[in-house]
Structures are given as C-alpha cells and as structure tokens.
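Residue numbers (the working numbering), protein chains in the order written: chain A, 1 to 249; chain B, 1 to 249; chain C, 1 to 249; chain D, 1 to 249; chain E, 1 to 249; chain F, 1 to 249; chain G, 1 to 249; chain H, 1 to 249. Just so you know, even glycine gets a beta-carbon here, dropped at the ideal spot from N, CA and C.
Number of protein chains: 8
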Amino acid sequence: MELKELLAQVADGTMSIEAAEQELKQDSYEDLSFAKVDHSREARSGFPEVVFCERKTPDQTAQIMSAIYGRSGLVLGTRANAEHYEAVKAVLPDAVFHESAKIITVGEPKEQIGNVAICTAGTTDIPVAEEAALTAWMCGAEVHRYYDVGVAGIHRLLDQVEDIRKANAIVAVAGMEGALASVIGGLVNAPVVACPTSVGYGANFGGLSALLAMLNSCAAGTAVVNIDNGFGAGFMAAKVNRQTVKGKE
Amino acid sequence: MELKELLAQVADGTMSIEAAEQELKQDSYEDLSFAKVDHSREARSGFPEVVFCERKTPDQTAQIMSAIYGRSGLVLGTRANAEHYEAVKAVLPDAVFHESAKIITVGEPKEQIGNVAICTAGTTDIPVAEEAALTAWMCGAEVHRYYDVGVAGIHRLLDQVEDIRKANAIVAVAGMEGALASVIGGLVNAPVVACPTSVGYGANFGGLSALLAMLNSCAAGTAVVNIDNGFGAGFMAAKVNRQTVKGKE
Amino acid sequence: MELKELLAQVADGTMSIEAAEQELKQDSYEDLSFAKVDHSREARSGFPEVVFCERKTPDQTAQIMSAIYGRSGLVLGTRANAEHYEAVKAVLPDAVFHESAKIITVGEPKEQIGNVAICTAGTTDIPVAEEAALTAWMCGAEVHRYYDVGVAGIHRLLDQVEDIRKANAIVAVAGMEGALASVIGGLVNAPVVACPTSVGYGANFGGLSALLAMLNSCAAGTAVVNIDNGFGAGFMAAKVNRQTVKGKE
Amino acid sequence: MELKELLAQVADGTMSIEAAEQELKQDSYEDLSFAKVDHSREARSGFPEVVFCERKTPDQTAQIMSAIYGRSGLVLGTRANAEHYEAVKAVLPDAVFHESAKIITVGEPKEQIGNVAICTAGTTDIPVAEEAALTAWMCGAEVHRYYDVGVAGIHRLLDQVEDIRKANAIVAVAGMEGALASVIGGLVNAPVVACPTSVGYGANFGGLSALLAMLNSCAAGTAVVNIDNGFGAGFMAAKVNRQTVKGKE
Amino acid sequence: MELKELLAQVADGTMSIEAAEQELKQDSYEDLSFAKVDHSREARSGFPEVVFCERKTPDQTAQIMSAIYGRSGLVLGTRANAEHYEAVKAVLPDAVFHESAKIITVGEPKEQIGNVAICTAGTTDIPVAEEAALTAWMCGAEVHRYYDVGVAGIHRLLDQVEDIRKANAIVAVAGMEGALASVIGGLVNAPVVACPTSVGYGANFGGLSALLAMLNSCAAGTAVVNIDNGFGAGFMAAKVNRQTVKGKE
Amino acid sequence: MELKELLAQVADGTMSIEAAEQELKQDSYEDLSFAKVDHSREARSGFPEVVFCERKTPDQTAQIMSAIYGRSGLVLGTRANAEHYEAVKAVLPDAVFHESAKIITVGEPKEQIGNVAICTAGTTDIPVAEEAALTAWMCGAEVHRYYDVGVAGIHRLLDQVEDIRKANAIVAVAGMEGALASVIGGLVNAPVVACPTSVGYGANFGGLSALLAMLNSCAAGTAVVNIDNGFGAGFMAAKVNRQTVKGKE
Amino acid sequence: MELKELLAQVADGTMSIEAAEQELKQDSYEDLSFAKVDHSREARSGFPEVVFCERKTPDQTAQIMSAIYGRSGLVLGTRANAEHYEAVKAVLPDAVFHESAKIITVGEPKEQIGNVAICTAGTTDIPVAEEAALTAWMCGAEVHRYYDVGVAGIHRLLDQVEDIRKANAIVAVAGMEGALASVIGGLVNAPVVACPTSVGYGANFGGLSALLAMLNSCAAGTAVVNIDNGFGAGFMAAKVNRQTVKGKE
Amino acid sequence: MELKELLAQVADGTMSIEAAEQELKQDSYEDLSFAKVDHSREARSGFPEVVFCERKTPDQTAQIMSAIYGRSGLVLGTRANAEHYEAVKAVLPDAVFHESAKIITVGEPKEQIGNVAICTAGTTDIPVAEEAALTAWMCGAEVHRYYDVGVAGIHRLLDQVEDIRKANAIVAVAGMEGALASVIGGLVNAPVVACPTSVGYGANFGGLSALLAMLNSCAAGTAVVNIDNGFGAGFMAAKVNRQTVKGKE
C-alpha cells in the first residue's frame, strides 16, 4: 500500500490507528534480548530467517530456531554442531542433523521445483556442497548432485555436461585453483554461483586461491559467494531457480 | 543429439561423415592467429563473445569485433579507449562509444524485457554502473538506474525501495565499505549481484574493502563479481532477468 | 514526534495528510540524477553533506557544492584539484582553494569554540594534517597545530605536552611507524583520533604500517580513521570538541 | 607547575630537593620486576591502568591487579580466563568474573553518568560488546544495550534509532561486512566508535573484512578500534561521554 | 586415431557403434558416488591417479585406493594419517605407511631409472622431502637424498655439488628464506623444482617467505610448487627424469 | 676433476700452480665494476648469462651484452625498451628487437630441436608468451604456439590437444583465474610450466589470482614461475626439452 | 692462507696432499644423515651452531646437541619443549631448561663482557626477551633487563634511559604497535636491534603490526629481526657488543 | 649529570636557574613552523638529523638543511630530486648531488675509519647500495664496494669472501629472493645489515619477497632494514663500525 493511501485511510477512519501503526512498522520482529528474531524476513526475502549457529550457545540456538519454527513451520540452522543439535531437538523433536553439512533442519519444504545442479571438483569439497544442496532443497528446489568432476580429469565433467545444462542454476564448489567454475561457466548458459572452499595445500591460504580464481573467472555469467559458504550459494541458486519456474512473485 | 544416435546415423548413412565431424567438433571458432574467435559462444551461453579491449591493440580489437559482428549482428567491447573506438569505427561504422563506461557497442538488442535495477552508493561509482547497465541492455534487459543511494543518507534508498523491489535482478555497485549490497539484500527478494568498486580513501586497497564486505554480506541471496567488473555484474543480472521472464531456454 | 501521536493527529485532522507524508519521509534530498544531495544531513549529523571531489567531474562537483551551499550557506569539498576549484568558483565566487590540503571551502563557520589539537610526526604529514585542521575549523572548532613532533626526537613532543593536554580532542597524524599516536595517547586524557598517512619507505605499504600500528596502540582512548583521511579525523575531533563545550544537543 | 617556577622554588628553598625530584619524576610507578605498575595513569588519562591478562600468568595477573586496586580501589582485567580469575580472587575476594566478556572487575564505579549506546549486528557479536559495555560502565558511564540490530533486517535498527540518538557516544560492534557502523553513522550525530569482530565465514580473514569496511565508512564521525577490541571501544566511548557531561576536566 | 578416420570406420562398418562410442568417450572413470575414480589418468599422464587423503574419511580413502589398485597394481596416497592407513590396510594388506612423509603406498614401481636428487636446507624440512622422494620413487625414479645442506653453512652444499650435478632433475626443499633453490639453481644445469616449506619463525607466514623467494629466484631453470607440496615436486621431477632417460613416450 | 686428483697433479708437477689456481677458481667472470659478467654460466647451466635490462641504463646493458656476446656469440636481453636496444645496436649491429616481447637477441641458436608448446589463455597474454617463445628458441628449442585457447571456450583447446600432447614441455601462460594450466595439466603427460600473467580486472592483484591458482593446481606435473616471467618459463621448458632429446649432458 | 701459497706448499712438499685437501675443504661438518652438523661455524661466525629444536624430534635434537657439545663444550637449543629437554638431559646431564624462554643450554660461557640491554614494552613480551637475554649471555655478553617500559606510560622508560644509554647494543622487544623501538632509537646512540612479538589483539596479525612499525621506524640506527625471534636479536646484539669491547677479531 | 645533583646545584646556587632549565630541556630544537629541527640529535645519536626530502617542498628542504648545516657543518639529504638540489644549492653552494643515490651532501666527514662492506646481488641494486655507501661515508666510515656478487653465480661472491670478512659491518643489498644476505651471513662473523630492494619480476610485490626472505634468514647475526632503505642500512653499519674502532663513546 502506498503511504499516501494509508494515511488517507487513517484520516477517513477506514483503517484504525493501531492497524496503521502495525502496517507502518511493517516489518515485525521478536525480541529475545540476545537476538531480535526477524519474523518478516520470509515476506521480504522469500524464506524465513536462517540461523548461523557457530559461536551461538546451544541454548540461544534452540530459542531462536524455536521462535522461527513457531511462525513459519520451517527452519534451517547452519554451521551447527552436535551440541546445538541436542539443544534444538529438546524443543523441536522433529529436528534433523545433517552432520557432514553441519546443518539442522526442522520441517520439510512444501515443494521441490525446477532444477539446481550442485557440482564439486573433488571429494573433499562435498561437505560444503551438501550445505548448498540442503539449503537449496529447504528453499524448495529440486537438487541434482555432480560430485568429483574437477578439471584434473576433465572427461568426467564433459561426460555430464548435457545433464548439467538442464539446470536453472548451477553451484560450482571447488577448492585449490577453483578452475571448475570457469570451465562450467564456459559450457552452460544458466547462471553459475561459484563457491570457493578452503580445501588445499599450503598457498591456498584458507581458500583465497580459489576465491580469487573465481572472482577472476574469464567466463561471464558467474558470481561468487564467500569461502566455504555453501549456504549462500545454495540460497542464491534457489532464488534464481524459483524465479525461472514461477517468474517474479 | 545423443552421441549414440549420431553414430547410428553415420553408420546407416543418414548423416555424412563431414556433417558428423562438424557436429562432433560441435563448437566452432575462427582463427585470427592472435585470437580464436568463439562463434559458438552465443549458442552455448546465450550471448556472443564479448571483447575485453584493454591491452589489446586497436587493430586486434577491430578485427575481433568485426569477426563477431559478421556472425551475430551485435557486438560489445569493454574497457575500450578512444583509439580502440577509432579502429573499430573504421571497419564497423555503426559503432558507438560510451565513454565514461569505456564500452563500444555495435548493433542494438532485439528486445528489452523484464527489469534490471542498477544501484550505486555514490556518484563516483557511476562509470562502473554504466558498464553494468549497458551490458545488461545489450543482453536484452530493460534497465532502471538508482544512483547515489548509499547508506550515509539511507532515506534516499528507503525512498526508492518499493521501485527496486520490482526488479527481477539487482546490481549493487559500491566502493568504500560496500554496505549498499547488504542493505539492499536485506530489503528485497530478487537476487542481488554485488559489484565492488575501487572508489575510496587509503585502506580500501583498490577495492578490497568493498569486495571483502560484499563477500561477507549478512544478507543471503547475494553473490559478488570482481572489483570494478560492471560487465560481469550486468551480464549475470541479465541472465537472471531473462530466465525470470522466459523461463529456462 | 512519536509515530502513534502523528497518526492520531492525522486521524483527528490536526495534521494534514501532506504534512504527515512529509514528516514521515522525514529526511529530504535533492535529485541531480547523478547525485542525490542529502539536505537533511545537517539536521541528522550536525554538519551539511561534505563533497568528496576525487573522481567526480568538475561540473558534477560544482553542481553538488552549489546545491548544498544554497541551503546551508557553508560547504566543504575534499580531495579537490585545481579543475574542481575553477568549476566551483565559476558558480560560487567566494570559494577558497586550500591547495596543499586539497580542500575547497565556501563560507565560514559561525563560531570557533573549544580546542582541537592537530599534531604531526613529520613535515611530510602536513598536507593530511591540514585537511584535518580545515575540516575541524569548518565544523566550528578552534584549532591548534603542533607539527613535526615525532618520536625520533621525543623532547620536541614532551616540550609541548602541557599545551596539547588542554585540547578537548587530539588528532595524531603520522606515517612510517605511527608511534606518535601511542605516545600522545599515553600522555593525555582527551580522546585521540589517530590518522595514519601513506608517508614512508618501502614496507609501509601505502600507510598500512602506520594503520596497523595505530589500531594496535597500547594506549587506550585512541580510535583510528582511514589512511590519509584527514577529513574523517578532523570531523570526529570536531564532534567530540563540540559535545565537550556544549554537551549533547 | 611550570618548570621554571619549580626551579625557582628549589632555588629559594620553598620546595625541598626531594619534593622537586618527586615532582619532576612526576609520574610514579611500582616495580614488580616483571611489570612496572603505572600508578599515575589515572591522573594522566582519567582511569587506572587496565590489565590485559592474556599471556600473563595467573600469578602475574593477581599481583598487578592487586597493586592497582590497592591504590585506586577499582581495577579492570580484560581477556581473562578462569585461572586468572581464581588467582585474583585469592588476593582480592571481591573480584567478579564476567565470563562471556572475559573480564574481571574489582570494585564498582562511583557514578554512572550520561549515556553510552552499545549496538551489535548479531548475537555472536555479544561477547565483544559486553567487553565494551563493562569497560564503559567501570569508567562511570550509564550503558544502554541494543543487540542484534544488523542490516539484514534493517527495520530492527530503524525501530530503535530514536533511542540510540540520545546517546553521547555510540559503540557499533559488527563482524562480517561491518555495515552496521556506516548505517548508524548516517543516522546519528554523536561520535561512533566502530569495533569490528572476527565473526564470520571464510573471507572475513579474522575480522579483516569488517575492519576494512569500518575504516572505509562513508559516514563521517566514525573512528575504529582494533578487531574484537571491545575494551578500547568502551574506553573511548566512556571518555567522550564523560567530557560531554562534565566538559574537559 | 583421428576423428575423421574413426567416423569413416564406423561408416564402413570396420568399427562397431559401441566401440566407437567407447573410443569417443575415450577417457573412462569409475563412479563411487562420492568420487569418480579416473582410470584413464595413467594413460593420459603416465601415472595412476594419486589420492589426496586429507579431509577424506578413512572409508572413502580405502575405497578409492582399492579401486585404483585393482586396475593399476600400484597406488599412492598422500597426506594420510594412521586412521586412513588402517582402513586401507584392511582392504589392501600390502599397504605400507611412511609416517613422517604421511604417505601410504601399495605395490612397488617396476623400475628405478635415472637420477633424481632431493635436497633440503635443514633437518626440519625432511618430512616434506620424504613426500617428494617417495613420490618420485613410486613414479619409477632412482632417488638420491642430500639433507641439511642449507646456506648457513654453504660448504656442506658445495661439498656435494658434484654429485648433485649428476641428477636429471633436482628437488630443492627449504623453508625460512628458501635460498637453497637459488644457490643450487646457480650451480647445476638440470631443471630445479623448488618446494617451499612452512618451516620457520614468525614472518614466514606459513611458508610465504620461502615461496616468494623461490618464485623470485635469480637462477633460471627453476620452477616452483606449492608450499609443503612434496608430492608435486617429486612428481614433476620424476617426469623430467623419465623423459631424460627414455625420451618422450 | 676431483679435488684430490688435482692436488696430486700439482704435487707431482703434472699441473702447474697457475693452472691449478685457475681450475680451482674454476668459474671465471669479467669485472665491469657495475657488473661481474659470469662467463662460466654457459658451462654450468647450459646457456650464457641472460641480461635483465629493466632498471639498467642503456649503457650498462650494452656493455654487458657486448661482453657476453664476445665470448659466446649469442646473447639474450629481457625486459628491454627501445633505448636499451639503440645502445646495444650501436655496439652489436646484428641485434634484433622483439618489441612486444621486450626482448633483444643477438645471434641465432645453432639448432632447433624437439618440441616446446607455448599456450595462452587469451590474446592479451601474448607478450608474455612471446618472451617465453623467444627464450626457448634462443636456447635451441623448436617452438609451437597455441594462442587464445582459454577455458571460456574450451573446445578451442580440446581441438588442439592432440598436437599439444606431442610437445616435450609445455608452457601455459594465463592471467585472470589461470585455469588453463590445470586443464592442460590434466590432459597431457609432458611437464607443464605454468606462467601466470598480470592480465585481468580488479581482484587479480597484479597476477596474484593466477599465481595462486597455478600453485594450487589439482593437476600434478605442473610447476610455476613468477608472474609475467615468460623468460623463466621458456628457459625451464627448453631445459626439459633438451634433456628429452639429448639425455643428460 | 692464500690459495696460491697453499698450492705452492703442496708443490714443494711442505704440505701433504691430505692436509691440503682438508684445508681446502676448509669447513668441516659431521654427517648424522638427518643433519650435517656444522663444526666450523664457530670458526666462521664466532659461536657454535645453534639448534632450532621446533619440529625436530627429541632424538634428533639430542644427537645434534651432543655432537656440538662434544666439540665446543657449549651448546644452545632454542624453541625447545620438555620432551626435547628430557632427551637432551639423558645424554648431556648438565643441560638446563629455561622454560619460559624455551631454551636449553649446556655449559656456560667463558666470559661476560660489555653491556647488552634487553627492553620490553610489556610483561607479555618477557618470554621472547628471555630468549634474547639467554642467547646474548651464552654468547658472552653481560646482560641488563628493562622490562615493561612501553610507551603507554613513557615515564617508566624515560626514568631508565640514562642506564640504557650505557649499553653497547640494545634489544627492543615489543608487540602491538611496536613503538618502543622508535622511542628508544631516538634516545640512544648504540645500535638498536628491534624484535617484534606476536603479542596483541586482532589486527596485529601474528606480529605483523609490530614488524612493519619497526621496519618503518623513523629513528635511524635500528634494524629488525623476525617476529618473536629473540634468539636472532640476542645474537646480533652480542656480536655488536663483542666487537665494541674487543674490536674486530 | 644526575637529576638529584642538578637540583642540588640549583639549590646551592652553583647552577643558575636558566642553565638548569636549559639542561633539563636538555634536547634543544629550532622551530621552523613546518619543521622542528632537532639540533641535539648529534649529541644523542652521534650524527646530525638527516633530512628525508621526498614529499617535502624544495623550499622546506633548503631551509631545514641550511639550519642543520649552520650548526653542524655537515648535512645529508636522502630521497632528493633535482629540484630539491637546486633549492639547496642556492643557499648552500657546496652542496653535492649524488643523482643515482638521490642523495644531497653538504660538507665532508672529518674522518674515514674502519671498514664497512657494501655488497649487492645485482647491477640494478646499485642505487640503493650507493645510498647506503654515501650514508656510511658521511658518518665517517671507510667504505668498500662489492657489487653484482649474487648467488646465481656464487663463485663471484666466494672469490671475494676473504676481503669481505675484513669488514667491521656488512650491508647486503638484494632484491628478488634476497638470498645474498643469508649466504654472506653464513660466511662471515661481522654483523650483517640486510637491505631488501624492490628490484624484481611480478611476485616480488615491491620488495616483499626479499624482505621476508631476509627476515627469515637462517644465518644468525643478521638484521634487516626497510625495503630500499639504503640510508638506514648504511647508518646502522656505520654505527657498528664506529663502535668497533673506538669502543662505546
């Protein structure tokens, strides 16, 4: 509603002051003192607030996830450990812990639409890829996995290109020299979300080598998320996938 | 065509050896000795090869752009200077030079569909933003500009949020602390392509401050391109925009 | 005015819809297409918008400074060169160019209150210090300069400490190893704003050595601005100075 | 006392040699062999020496804090762990351990004046924020906390802006992209002390992303302390707060 | 076989469709879901795929090494720990664990030809050197070790130069300032593969000092592998050694 | 000759003291005061000293190249500009200036043996590649060029792989993300010398992105030279090529 | 002995071939296979080889220290832990472990001459300072300690300056901003060896802040050793001290 | 004079108040407003203040050098250009400009004592070496130059070692991998001052490679100055040289 219209409705009594106040505040949140849970995030961004568990206490995590789940019936926690999981499970018995991906999910998505491809260069990139895959799945995407297709044996990738080309959005997860993102980017027309990982020998500097390589990709149609940020990659890909299937909502 | 089917057609004479060879080579290119012009890029990625002019000689640039234009009727050169332009104009008289964006375009896109929003934090970010805007436009997107809406005066952004929310893809261009990407990312649901610029005082280290900030954005649904890479940002946004309007092709 | 009260006034007709709309938009700005001049900045932050001239065209600079001056009767441009100045002078004949500080000022502050000390380690730090000094002066502070008092000859500093201690806020400008900030910080009780400069031999890496040194200062009561950011240092010091003299407004 | 006057008093016998020597040494300290406790720091900088416990042995910590407490009746230890605390408690039974902030306090401040606002972007920034809050409180400031108001859900911040504007000094604590400091800086007129934290995914490089972002803040009136240095931020804010209430002492 | 010829054979029935398909796929691999074992790597690069064990689970490691061994009768695992070894030994009882080199080998090379020299600057560089030595040995090279010949006592190196000069390829392993590579490079005519290690005090930054030194070597005929990457160095040297003895195969 | 044998010859008069002294000094050089021309380098390393012209005066360059040419009849200068060339040409009239490669050659190699492949990712990498190609040629290698075969259009590379596989050593020259080295490394069995270039947008940081990518290459059998160091890459490849054809000399 | 003379002696039989060979080898060492103990180091550099224990096994450490002690009657091991010590003590019962300095000494220096001052900024810098002090003492210097005299309370330093000025060489040990080196450097005329430590908050980056500060010191007559390298600092200071007392030997 | 004694003399009239004041201020300086010329530096550090000309205006430079020369009859300016020189020559006609070293000297040292060796790795390091040599000479040292003795042809260095060993202090100037410092450090017993230069190809990062290499030198008895800081190296070496000849003064 436009601001002018709202004010006109208040002026002529169509809308109560309280309703207008609520509408103007517009974005509501719940104050847990140590956290302000953002209940309007789903309305704004299409998915409920996601909880980054690392460095949060198990108890904080459980309270926040519980508050979100109570509103949305669906909640996702990333970078979780077993202690986080136990605290969450105590209040949300349906919680599931995906250990290698360090993800806690509660509830299941209503639909699985479209096609998001998650590719990794090697086996050791799989935990980050799983973070991406589960995130995309929670956001309602149908997910296809293509693991260990790095460029040291490029025939493994070329052999699957036709399938990968069917995806609406592609996540390329790679450490070391991160060449996978460029090679895929040169072979497909869907947007590629490149996710560098911290996998590698000495001078990868915690993923810096793959990050810089991906930022400098010679293949257009690629954008990059933070090192090891499978969540961000999966979320971005799911957004593109959703718009591709449903158009802009 | 599946490989097996192709070979079957060769075996039964439906397809000539020459046609099969061509089909198998599949991706063709033109060899100018100093460059191998990639004529199949449009088929693969949805847009003809784009020419990165910097460090190419004017003559090389003109030959490559001419070769591409001859096939596709549309060509884009980035990071061009006046000398590049003169050499290109000599062989392609319809060439247009967009000086602040350092872009040469020849030909016009067949359509302008959807809605791509290009936002900048400040006035000095505009050249990079124009590179993004012209790229997106060449790729067939309708482009809307929102310039100088940085967070030092956040009301300027909040005042335009409703319009920006209508876009299918958003490019956020910012230097210094790059906060614009996070703030927009928290307010919209379309994918945000964050483009850091090298604008700033001392410790921005050529755009590193904005780059790191954008990679670390707390707002999900954001991915990042290289510093000052307006082309990459515009291209990515145009792809998302196109899929949103037309679905996956 | 509280939101509830405003809405009540609209509801009972005390306030017109238009006035309420204006009030709610609250922060106004002027759209020059390439810039959105922030006319409410003075209300919000105590000083009109300051123009960062670098990378702006002379014409853009002149238009923006003119728009601000028209409202506030006072305007400051930083990182300006002679071309910027000529363009500004053409529309604002009272403009003054402080060349070594790269500052354009138009108008003079209404008052000069309190005491801001600007100290430098060496002679080559003076241009940055002058940027700080002129900024603080434009913001209404009385400014005292203590130049070339670096620690290689610490008696030069100790000799002036008693004067420096009288300041309400101190700006310490130093390149190389930036030790001045720590030494001053250990000798005074006013807040110290440390401003690293890019002055120095090889491994100062454009001011990084002084920046890191100042961030790691062992003397509490010190905070740091960006490398060569005299403007930021002078502005911060002027704010502290003003609150010290006038309390919170 | 001026040096000349002191010497005159010695010359005419008004002041004894011993008294003059003491006065000239001026700043006294206590030598514990492994530490020289700076008993004149309170006189010089307005607060007794603060003990950085990390890497000190529990015994060293206890001896130093005890020496300071004996003179000033108030002592603050930062970066302390449980072992430090036990050693301190053994000699100073009133010691209190603030575990998440890693702070030991002994004694309470005589007053709580003014208004210092401590804001965090997220829940995981709270330990650093508490270091800042307790430091400011020990230095005599009234402290107000605004936690988890980061820009991913900017309405949470906007909702509290009016309160935050009342503060004499504001500490903005944020990791990741550190945008909070710029957004607050653009909305208030009090000085903002930005404190980056090491919270975040891969390419935050131990807080570097937030640090660089804050140093490059487009909002004037902001200065930065070291990564995770809640103590430095709280101390700086308390100084500004004190001067705002009491003027320069 | 040339593509045209193959197609001609298919057309005239000399080759079956299935054989052609296989030939065209050309490079085969085995899909273990979490890994795609590259069985054609030996054909392509002269040695079977090598398994980088770090971050792989023991079970993944055992399955992959077993699959490779089944085909090639020889397999090498690097960066392995005792748990990896136990899992591998359970399925491949002939597995040997070289603990300080963190290498698992199964099978022995058919030959030991030529001469590869492995030199270290110090004793603490030996584990990385052993990774190189064992890799070169598995790849069929005769290996000679020259340990602790760093430049602080250059006579130790000069004393052995005549022997080192006999090698077909030389691996220079050094941490700290990495000078060994340059000094050897200036004394021999065989190619030198420089391998920086992370050995050293503070500002070696995890091997960066040696890496940069080696990249900047003033001695031509030197190339560098990643920090602590003994495997890469040994593999490269073995390739050069093999070509020197056998010519290009 | 072994030291013991030499001394025996001196003892029994077979060798004169002067000859022994000369032999023991062993490596001779010519002192030009500002340079000590290393005339024994050819004996030691298989090729005369190469002159790095950058930052040398034209006169120094000419004197050094002349001294080397006088002994070896062949001399190579790298990083030369037109002024260096003119000074050299004045004393060595046969000097040839290869402008884009910034190389001066005098004399021609006696033979062109084997096969060195020089590949580039893009057109803008050609100057560095030419430095490599001319260096390898001067060192007696037959050189084959494969330019603009980067991974954004990987069919251009795959189309030439069979030819590239015939080389005894391969130089892979690439900027941006440097993926070319890994992709080639995965497809061939000859040693690959990876040469990163400083070509690229913002976050390539002067070639750092390609350098790190190449150091982290997942393809074994690759080693790396310094950024833009075509000379080093060509020299290394020529050494491997020579040993492959002639064995160890 | 000059080379020519030696050869003449061999020629005329004055010197045996064996003696000449030994003389020419000149620098002898002992080969322990994993280490080549440099027994001529004392002759060359004035002190026996020092053992860097970190990453060496206890057994290696014991063998090397024992070999050195056997020749020189004095041996120093740095970066040692308790396990190293036990292994050394088993073979050298007189070994002493200086735990906080992580140093093992066996034997005592014959003299303590001159005056070396070891200063630290804080208490937490003491372990590194002790490494320096014990090293200097083992090298025969008389050592004076000035601990916790950092610039946050500069009167503590000024109070001791007269004593410090008496030293022949000064070691300044400091972390954080490392200002101590510059301040001392400005106050004394003896050479200052600056030793940065890794002590500090976030952006000290493992000692980088102090290292850069010290390298950029505005006070001439200062040189820097590696981060936390107390050994290097003490050794350098001892050399200067010795030459000052005894002249060049 | 001890403080107590001075005060006693004032008390009993032996010393006038004015004399005491002077003595207590102790270090005098001359205030040129833009510079505080430190006339007591010679007394404190053994040599008059040295003027760092870079970024100073020619006029500032001339005034400062003139003021110093007036007192000491000897003055040294570093990093000077032709304009600085002309301004200085106008007021000090005896000024001499050493162009490649960028040094202005006025006056000559009274003596040339001892032996300082200045070594460079290559010809392009000579300008920095000359800065060191002229500085040492101005400080009264006899200087010996050993240029172009880098490790790529180590016999050139070994050939001169016996001479270099005679020096009281050695400056090792090198770019690229900076190995010269370590190699010399292992061969001599005098203190070595290592001076990295910014000479080199790509990844030397402005001298960083040589700087890190030198800081990590495996040869004890070495300390490092800033990149390209010939002045600092020469000054340090001259101090050590002077103390070696004259003992501590």
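* Unbroken beta strand (DSSP E) run spanning T120 of chain A, endpoints -> Residues 113-120.
* Asked: If you count every other CB in all the chains shown that lies within 10 Å of the CB of E18 of chain E, and 16 or more means buried, which is it?
  -> So E18 of chain E counts as exposed.
* To do: Return the Cβ separation of G230 of chain H and E131 of chain H in integer angstroms, given the expectation that the two are a contact with Cβ distance under 8 Å.
  => Distance from G230 of chain H to E131 of chain H at the Cβ level is roughly 3 Å; contact confirmed, criterion being Cβ atoms closer than 8 Å.
* Pick from D:A67, D:S16, D:H144, D:F47: whose alpha carbon is nearest that of A35 of chain D? -> It is D:A67 whose Cα lies nearest to the Cα of A35 of chain D.
* Please list, in chain order, all residues of the same chain as N245 of chain B whose beta carbon is under 6 Å from its beta carbon, the five residues on each side excluded. => It should be pointed out that residue 245 of chain B corresponds to Val in this sequence rather than to Asn. Apart from sequence neighbours up to five positions away, the residues of its chain that approach V245 of chain B with a beta-carbon distance below 6 Å are I113, G114, ordered along the chain.
* **Cβ-based neighbour list, K102 of chain E, same chain, cut-off 6 Å, excluding 5 preceding and 5 following** => So the list reads R79, A80, once near-sequence residues are dropped.
* Near Q160 of chain D, which residues of its chain fall below 7 Å by C-beta distance, leaving aside the five closest residues on each side in sequence? -> Contacts found: Y146, V149.
* Asked: Looking only at C-alpha atoms, which of E:E108, E:V116, E:I164 sits nearest to V188 of chain E?
  -> Ranking E:E108, E:V116, E:I164 by Cα distance to V188 of chain E puts E:I164 first.
* Asked: Smallest Cα separation from K166 of chain E: which of E:A194, E:A129, E:I118?
  -> Of the candidates E:A194, E:A129, E:I118, the one whose C-alpha sits nearest the C-alpha of K166 of chain E is E:I118.
* Asked: Could you give the distance in angstroms between the alpha-carbon of A8 of chain A and the alpha-carbon of Y29 of chain A?
  -> Taking the straight line from one Cα to the other gives about 27 Å.
* **Reduced DSSP category for I227 of chain C - H, G, I as helix; E, B as strand; rest coil** => Three-state result, I227 of chain C: coil.
* Nonlocal neighbours in the same chain, by C-beta distance under 8 Å from F235 of chain A, ignoring five residues either side -> Result list for F235 of chain A: F47, V50, T135, A136, C139, in chain order.
* **Anticipated Cβ contact below 8 Å, I227 of chain C with P196 of chain C, distance rounded** => Going by Cβ atoms, the distance from I227 of chain C to P196 of chain C rounds to 5 Å, so yes, they are a contact pair.
* To do: Check whether the Cβ of F231 of chain E lies closer than 8 Å to any heavy atom of the ligand ATP, and answer yes or no.
  => Because no ligand of any kind appears in the structure shown, any question about the ligand ATP cannot be addressed here.
* Asked: Does any C-beta atom of chain H lie closer than 9 Å to the C-beta of A172 of chain C?
  -> So, not an interface residue.
* Proximal chain A residues relative to R165 of chain D, where beta-carbon distance stays under 8 Å -> From the beta-carbon of R165 of chain D, no residue of chain A is found nearer than 8 Å; the closest lies around 18 Å away.
* To do: Report the neighbours of C218 of chain B on chain K: residues whose CB is nearer than 8 Å to its CB, in chain order.
  => Here chain K cannot be found, since the structure's protein chains are A, B, C, D, E, F, G and H.
* State the Cα-Cα distance for the pair I170 of chain B and Y201 of chain F, rounded to the nearest angstrom. => Each residue's Cα considered, the two are about 21 Å apart.
* Asked: Starting from E86 of chain E and walking both ways along the alpha helix (DSSP H), at which residues does that stretch end?
  -> Membership of E86 of chain E in the alpha helix (DSSP H) is indicated by the continuous run 82-91.
* Taking all protein chains shown into account, do 16 or more other C-beta atoms lie within 10 angstroms of the C-beta of S33 of chain G, making it buried, or fewer, making it exposed? -> S33 of chain G counts as exposed, since fewer than 16 other C-beta atoms from the protein chains shown sit within 10 angstroms of its C-beta.
* **Rounded straight-line distance, which links the Cα of S40 of chain A to that of R71 of chain A** => The alpha-carbon atoms of R71 of chain A and S40 of chain A are separated by roughly 10 Å.
* Using a Cβ-Cβ cut-off of 9 Å, state whether H98 of chain F counts as contacting chain B. => So, not an interface residue.
* chain C partners of S254 of chain D, CB-CB under 9 Å? -> What the structure shows of chain D is the stretch from 1 to 249, and residue 254 of chain D is not part of that stretch, so it cannot be assessed.
* To do: Give a yes or no on whether the minimum CB-CB distance between L208 of chain H and chain G is below 9 Å.
  => Judged by the 9 Å Cβ criterion, L208 of chain H is not in contact with chain G.
* To do: Classify S209 of chain F as buried or exposed, calling it buried when 16 or more other Cβ atoms lie within 10 Å of its own Cβ.
  => Buried, by the Cβ-count rule.
* Helix, strand or coil for G77 of chain G per DSSP? -> The three-state secondary structure of G77 of chain G, taken from DSSP, is strand.
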